[in-house]
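Trainee:
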Amino acid sequence: MVANNSSGMCCGVSQNTYHTLRDLRAVFADGSVLDTANPASCDAWVKAHPQLVAGVAALASRVQGDRQLAALVRRKFAIKCTTGYSLNALVDFPVSDPVEIIKRLLIGSEGTLGFVSQATYNTVPEWPHKASTFVMFPDIYSACRGASVLRDQTAVDAVEMFDRASLRECERDEGMVKLVKDIQGSDEMAAALLIECRGRTPEALEERICEVRKALLRAGLPFGAKVAQPMSLDDYEFKHDKADYNVYWDVRKGLIPIVGAARETGTSMLIEDVACPVDKLGDMTMDLVRMFQKHGYHDASCFGHALEGNLHLVFSQGFRTAEEVQRFSDMMDEMCYIVATKHSGSLKGEHGTGRNIAPYVEMEWGSKAYELMWELKELFDPDYVLNPGVILNKDPNVHLKNLKPSPPASAIVDRCIECGFCESNCPSRDITLTPRQRITTWREISRLQAIEQRSPTEQQRLDTMRAAYAYQGDATCAADGMCQEKCPVKINTGSLIKSIRAEELAASATGSRADALSLRLANNYGTFVSAVPKLLNVVDFAHRVVGPKPLEYISSALNRVSGHAIPQWNPYMPRGAAKLDMSPAAPAAVAGQAPRKVVYMPTCVTRMMGPSSSDAERGSVHQKLLSLFAKGGYEVVYPEGLSEQCCGMIFSSKGFKAATAAKGAALEAALTKASEGGKLPIVVDTSPCLAQIKGDLTDGALKFSLYEPVEFIRHFLMDRLEWRKVRDSVAIHVPCSSKKMGIADAFQTVAGKCAHEVVPTGVPCCGMAGDRGMRYPELTAGALQHLALPASCKDGYSTSRTCEVSLSNHSGVNFRGLVYLVDEATTAKSAAQAQALA
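Quick note on the UniProt record's numbering: the sequence shown kicks off at 1 and runs consecutively.
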């Protein structure tokens with residue numbers, strides 16, 4: 001944010017980093033540190049750098065004394081501009097305050113003047129009342145005129161423009177199609193404005209909406225996506241419901257990767273970021289559209305912050321041949337002329353100059369300002385060691401060198417533009433690689449593998465990368481697919497890793513033997529499941545005999561020497577699960593009514609793992625669920641061959657496709673029969689297992705009968721039980737699978753019936769991934785490093801036993817199944833109440 005002076009949908013110029021930064025902490029080329037929030041640091045740094053401070057003051061004095069140059073600087077920064085350095089710092093602050101000037105010069109400097117390690121911002125109001133509308137226009141020029149009118153005549157908060165290419169992607173979104181009447185089949189030059197108004201009060205919001213509508217109507221603009229079928233402004237009403245206007249904004253926020261995903265495989269998606277005075281936006285946009293057509297960029301899209309005259313230009317580009325590189329060069333030359341020279345605009349509006357625009361900085365700024373920038377660079381970094389070649393570069397062709405290809409790697413991820421939206425959800429992001437990095441490195445590995453006659457250097461690079469990828473890309477990937485939840489085009493990097501595991505297994509010398517062993521295990525699964533509780537109880541006994549420290553040391557050593565095949569023990573490891581008691585519990589009777597039926601599928605996880613020895617709770621998940629079924633008036637039906645049943649996830653995560661398919665098919669058949677073809681609800685007591693079952697079903701209809709415990713409770717038991725709050729404060733963790741199934745709110749609802757305060761962990765993924773977090777404990781340590789529950793929270797709940805182990809270990813709070821809490825907080829309704837419900 002600071003290094004690029006990045007802004008966004010609503011901040012414009014007045015609320016960007018330059019204008020809202022309070023203080024920063026920076027490290028300079030000589031290793032010195034300046035903390036502008038600390039007067040002592042400022043005094044010491046100024047005294048230690050007299051030449052730099054005097055040089056900056058002299059430059060500021062020179063610019064302020066040059067009316068023509070000062071006017072150029074003010075004009076350039078009246079619109080969005082991040083091309084070159086923040087020369088406005090030399091105009092906006094007195095020569096007598098060099099620290100303030102230096103602080104502002106660092107903004108947008110992309111690490112070329114110093115490294116910003118800390119920043120403090122002044123906040124701005126975020127009004128609680130919002131409404132948005134999506135207005136269609138028959139052409140881009142009309143949409144741009146609309147944006148100019150709104151800027152000049154209203155206090156509108158945001159105006160985003162969509163061109164026809166971006167509207168084409170909007171047409172594929174069901175929510176957009178429902179909300180915008182004529183978005184489908186728009187004219188080829190159609191465009192749209194996404195308009196948002198905000199207010200301190202509902203009345204203030206309505207006043208702004210009225211202002212916007214009047215301004216657009218006064219302008220006499222044509223409305224509607226088709227010239228032949230004009231629409232009224234009334235057809236595009238403001239949406240006040242958050243669920244509705246979030247549809248608009250979710251599409252807008254994901255538009256760059258969505259448009260980029262539609263590119264030809266093997267090409268890169270490039271983004272340019274230009275700006276001009278708003279009254280010139282229509283002309284500049286049309287010039288850019290014609291430029292893209294001229295150079296054959298038929299997939300190019302122009303959209304962005306119309307209120308600020310700021311457009312994102314998104315297009316695909318191959319660098320596979322000299323002709324493709326020349327086409328790119330010709331297009332860049334013309335684009336820079338159109339923006340900088342013809343329309344007096346900014347070649348970079350909000351995302352930094354980088355290397356691609358470095359050759360054109362002088363074109364935009366002129367020689368005098370350009371030389372001033374070089375003087376600044378010389379003052380701050382005389383040895384040119386800080387991000388050399390970025391922003392300022394003497395090579396006019398630097399943007400045509402060291403071009404990064406995007407070779408085909410896998411159909412699963414070829415649409416990825418490496419935007420990084422996925423990274424915040426990844427449990428390994430601070431340990432090894434993020435999903436974006438996994439894709440990027442796999443692309444390079446794939447490129448090297450595709451070379452038939454590799455040079456020794458290429459072979460060495462390939463061998464090194466494959467060896468590193470085995471741990472950083474593969475072993476520490478949870479493969480839970482939470483990256484998909486943040487990805488605008490729903491790329492699941494976990495699926496890529498699973499496919500790599502399967503391919504490597506098939507290609508390995510021991511692959512067929514391992515596959516055969518996995519099938520043998522799958523076919524004798526009951527024996528394995530019955531053995532694990534005994535083994536866990538032996539480990540628990542060892543814990544009590546030798547103590548936690550020796551056991552932790554021994555298990556850590558075994559984990560290392562076994563190549564992470566043996567899990568590492570922690571104090572919250574489960575004891576063996578008690579044997580499932582399948583004797584029927586009498587459901588709460590309702591006069592004149594036969595008991596309802598429910599199919600219960602106890603997963604192999606809960607059949608193997610019981611509570612931890614550190615947990616005062618001794619009952620099993622099965623006991624708690626069976627108690628709830630009985631209190632709710634349900635008779636329990638079990639699938640046939642229960643001891644052998646498994647969803648197949650244990651095999652799927654390791655790349656054993658045949659064993660996965662075998663277990664999945666057997667379980668689907670058993671569940672279909674037990675549920676009478678899906679007529680009865682089916683409860684699977686572990687959320688990730690339910691997700692695996694749903695994902696592998698051949699009968700799509702059966703998934704509508706499948707529930708994990710919390711979802712079943714919300715749908716079937718909320719009104720059939722008496723509830724009371726039995727805890728002051730509890731923590732809940734929604735497993736990845738439950739988030740992906742869209743039922744996170746059910747956890748809050750159900751837990752809220754049992755406790756006065758419900759605290760979500762806020763963790764996207766705990767990193768456990770079945771047994772992976774036990775075998776690679778650094779994965780859960782990284783994922784949960786920021787987990788901090790309030791002191792009042794003494795109990796935690798979830799619906800995945802392995803996740804509960806990792807959460808307990810890193811929070812010091814025992815996590816267990818949410819059904820424990822619900823069973824404690826509920827009783828069966830009286831006979832009269834149950835009769836009334838029936």
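Backbone N, C-alpha and C fix where the C-beta goes; we use that ideal spot for every residue, glycine too.
Of the residues Gln484, Gly526, Leu194, which one's Cα is nearest the Cα of Asp163?
Mentor: Here residue 163 refers to the residue found at position 163 when the sequence shown is read from its first residue. The candidate whose alpha carbon is nearest that of Asp163 is Leu194.
Trainee: State the Cα-Cα distance for the pair Pro435 and Leu255, rounded to the nearest angstrom.
Mentor: Your numbering for residue 435 matches position 435 in the sequence shown. Your numbering for residue 255 matches position 255 in the sequence shown. Answer to the nearest angstrom: the Cα atoms are 19 Å apart.
Trainee: Helix, strand or coil for Glu722 per DSSP?
Mentor: Along the sequence shown, read from residue 1 onward, the residue named residue 722 stands at position 722. Strand.
Trainee: Could you give the residue range of the beta strand (DSSP E) that holds Thr120?
Mentor: Stepping through the sequence shown from its first residue, residue 120 is reached at position 120. Unbroken beta strand (DSSP E) run through Thr120: 115 to 121.
Trainee: Can you give me the C-alpha to C-alpha distance between Lys377 and Asp333, rounded to a whole angstrom?
Mentor: Looking up residue 377 in the sequence shown gives position 377. Looking up residue 333 in the sequence shown gives position 333. Approximately 25 Å between the Cα atoms of the pair.
Trainee: Going along the chain, which residues of its own chain have a beta-carbon closer than 6 Å to the beta-carbon of Ile743, five neighbours each way excluded?
Mentor: For the purposes of this step, residue 743 is identified with residue 743 of the sequence shown, where counting begins at 1. Around Ile743: Glu711.
Trainee: Suppose the cutoff is 8 Å on Cβ atoms and the five residues either side in sequence are ignored; what does the same chain contact list for Ser61 look like?
Mentor: Position 61 of the sequence shown, counting from 1, holds the residue named residue 61. Here the set comprises Val95.
Trainee: Excluding the 5 residues flanking Lys663 on each side, which residues of the same chain have their C-beta closer than 6 Å to its C-beta?
Mentor: Position 663 of the sequence shown, counted from the first residue, corresponds to residue 663. Around Lys663: Ala522, Cys646, Gly648.
Trainee: If you follow the beta strand (DSSP E) that Tyr469 is in, where does it begin and where does it stop?
Mentor: Translated into positions along the sequence shown, residue 469 becomes position 469. Careful: Tyr469 lies outside any beta strand (DSSP E), inside the alpha helix (DSSP H) at 456 to 469.
Trainee: Can you check whether the CB of Leu386 is closer than 8 Å to the CB of Met373?
Mentor: As a first step, residue 373 is located in the sequence shown; it is residue number 373 there, counting from the start. As a first step, residue 386 is located in the sequence shown; it is residue number 386 there, counting from the start. Not closer than 8 Å, so no.
Trainee: Going by beta-carbon coordinates alone, are Ala261 and Arg415 separated by less than 8 Å?
Mentor: Within the sequence shown, the letter at position 261 stands for residue 261. Within the sequence shown, the letter at position 415 stands for residue 415. For Ala261 and Arg415, yes; Cβs fall inside 8 Å.
Trainee: Would you decide whether Met582 is buried or exposed? Buried here means 16 or more other CB atoms lie within 10 Å of its CB.
Mentor: The count along the sequence shown starts at 1 and reaches residue 582 at position 582. Counting Cβ neighbours within 10 Å, Met582 comes out exposed, since fewer than 16 surround it.
Trainee: For Asp685, which residues from the same chain have a beta carbon less than 8 Å from its beta carbon, with the 5 sequence-adjacent residues on both sides left out?
Mentor: For the purposes of this step, residue 685 is taken as the residue at position 685 of the sequence shown. Around Asp685: Tyr600, Met601, Pro602, Thr603, Thr606, Val621, His622, Leu625, Glu708, Pro709, Thr799, Gly817, Val819.
Trainee: Which residue comes first and which comes last in the beta strand (DSSP E) that contains Lys597?
Mentor: For the purposes of this step, residue 597 is taken as residue 597 along the sequence shown, with counting starting at 1. Taken as a continuous stretch (DSSP letters only), the beta strand (DSSP E) holding Lys597 covers 596 to 601.
Trainee: Could you give the distance in angstroms between the alpha-carbon of Val734 and the alpha-carbon of Val156?
Mentor: By 1-based counting over the sequence shown, the position of residue 734 is 734. By 1-based counting over the sequence shown, the position of residue 156 is 156. Rounded to the nearest angstrom, the two C-alpha atoms are 38 Å apart.
Trainee: How many angstroms separate the CA atom of Ala3 from the CA atom of Lys130?
Mentor: Here residue 3 corresponds to residue number 3 of the sequence shown, with the count starting at 1. Here residue 130 corresponds to residue number 130 of the sequence shown, with the count starting at 1. When rounded, the distance between both Cα atoms is 31 Å.
Trainee: Can you name the residues that DSSP bridges to Pro50?
Mentor: For the purposes of this step, residue 50 is taken as residue 50 along the sequence shown, with counting starting at 1. BP columns for Pro50 are empty, so no partner.
Trainee: Does any residue of chain D bring its CB to less than 8 Å from the CB of Ser653?
Mentor: Looking for chain D here will not work: only one protein chain is present.
Trainee: Looking at the unbroken beta strand (DSSP E) that takes in Tyr248, where does it start and where does it end?
Mentor: Numbered from 1 along the sequence shown, position 248 holds the residue referred to as residue 248. Note, Tyr248: premise wrong, no beta strand (DSSP E); alpha helix (DSSP H) at 242 to 253.
Trainee: Using CA atoms only, rank isn't needed, just tell me which of Ala565, Cys81, Ser495, Val177 is closest to Trp365.
Mentor: For this step, residue 365 is matched to residue 365 along the sequence shown. The residue with the shortest Cα to Cα distance from Trp365 is Cys81.
Trainee: Does Tyr297 come out as helix, strand or coil in the three-state DSSP assignment?
Mentor: On the sequence shown, residue 297 is found 297 positions in, with the first residue counted as 1. The three-state reading of DSSP puts Tyr297 in coil, since its state is none of H, G, I, E or B.
Trainee: Suppose the cutoff is 7 Å on Cβ atoms and the five residues either side in sequence are ignored; what does the same chain contact list for Trp569 look like?
Mentor: For the purposes of this step, residue 569 is identified with residue 569 of the sequence shown, where counting begins at 1. Setting aside the 5 residues that flank it on each side, Trp569 is surrounded in the same chain by Val539, Leu551, Glu552, Ser555, each with a C-beta closer than 7 Å to its C-beta; the list follows chain order.
Trainee: Between Pro681 and Ser737, how many whole angstroms is the CB-CB distance? I'm expecting something under 8 Å.
Mentor: Within the sequence shown, residue 681 is the residue found at index 681, counting from 1. Within the sequence shown, residue 737 is the residue found at index 737, counting from 1. So it is not a contact: roughly 18 Å between Cβ atoms.
Trainee: Taking the CB atoms as reference points, tell me whether Val149 and Ile79 lie closer together than 8 Å.
Mentor: If you number the sequence shown from 1, residue 149 lands on position 149. If you number the sequence shown from 1, residue 79 lands on position 79. No.
Trainee: For Gln317, write down the residues that DSSP places opposite it in a beta bridge.
Mentor: As a first step, residue 317 must be located in the sequence shown, where it is residue number 317. Looking at the DSSP assignment, Gln317 forms a beta bridge with Ser268.
Trainee: Where Pro125 and Glu308 are concerned, what is the direct C-alpha to C-alpha distance, given to the nearest angstrom?
Mentor: Taking the sequence shown and counting its residues from 1, the one referred to as residue 125 is at position 125. Taking the sequence shown and counting its residues from 1, the one referred to as residue 308 is at position 308. Looking at the two C-alpha atoms, the distance is approximately 19 Å.
Trainee: For Tyr245 and Val726, what's the separation of their Cα atoms in angstroms?
Mentor: In the sequence shown, the residue the question calls residue 245 occupies position 245. In the sequence shown, the residue the question calls residue 726 occupies position 726. Straight-line Cα distance between these residues: approximately 38 Å.
Trainee: Give me the Cβ distance between Leu87 and Ala369, rounded to the nearest whole Å; I'm assuming they're in contact under 8 Å.
Mentor: One-based indexing of the sequence shown puts residue 87 at position 87. One-based indexing of the sequence shown puts residue 369 at position 369. Indeed, because the Cβ distance is near 6 Å, the residues count as touching under 8 Å.
Trainee: Asp157 by DSSP, collapsed to three states: which one?
Mentor: Locating residue 157 in the sequence shown gives position 157, counting from the first residue. It is coil, neither helix nor strand.
Trainee: Measuring only the C-alpha atoms, how far is Ala475 from Ile650?
Mentor: Position 475 of the sequence shown, counted from the start, is the residue given in the question as residue 475. Position 650 of the sequence shown, counted from the start, is the residue given in the question as residue 650. Between the C-alpha atoms of Ala475 and Ile650 there is a straight-line separation of about 15 Å.
Trainee: Please return the same chain residues whose Cβ sits closer than 7 Å to the Cβ of Thr20, not counting the five positions on each side in sequence.
Mentor: Working through the sequence shown from its first residue, we reach residue 20 at position 20. If you ignore the 5 residues before and after Thr20, its C-beta comes within less than 7 Å of the C-beta of Tyr121, Asn122, Val124, all in its own chain and listed in chain order.
Trainee: Using only the alpha-carbon positions, how far apart do Ser186 and Leu167 sit?
Mentor: For the purposes of this step, residue 186 is taken as residue 186 along the sequence shown, with counting starting at 1. For the purposes of this step, residue 167 is taken as residue 167 along the sequence shown, with counting starting at 1. So the alpha carbons of these two residues sit roughly 8 Å apart.
Trainee: According to DSSP, which residues form a beta bridge with Tyr707?
Mentor: The count along the sequence shown starts at 1 and reaches residue 707 at position 707. Tyr707 pairs with Val683.
Trainee: Taking only runs that begin and end inside the region 799 to 833, name each unbroken beta strand (DSSP E) of 3 or more residues, in chain order.
Mentor: 815 to 817, 826 to 828
Trainee: With a threshold of 8 Å, are at least 3 pairs of Cβ atoms found where one atom belongs to the region 36 to 55 and the other to the region 340 to 352?
Mentor: no
Trainee: Would you check if there are 3 or more beta carbon pairs closer than 8 Å linking the region 446 to 453 to the region 297 to 304?
Mentor: No, because fewer than three Cβ pairs between the region 446 to 453 and the region 297 to 304 fall closer than 8 Å, the two stretches do not touch.
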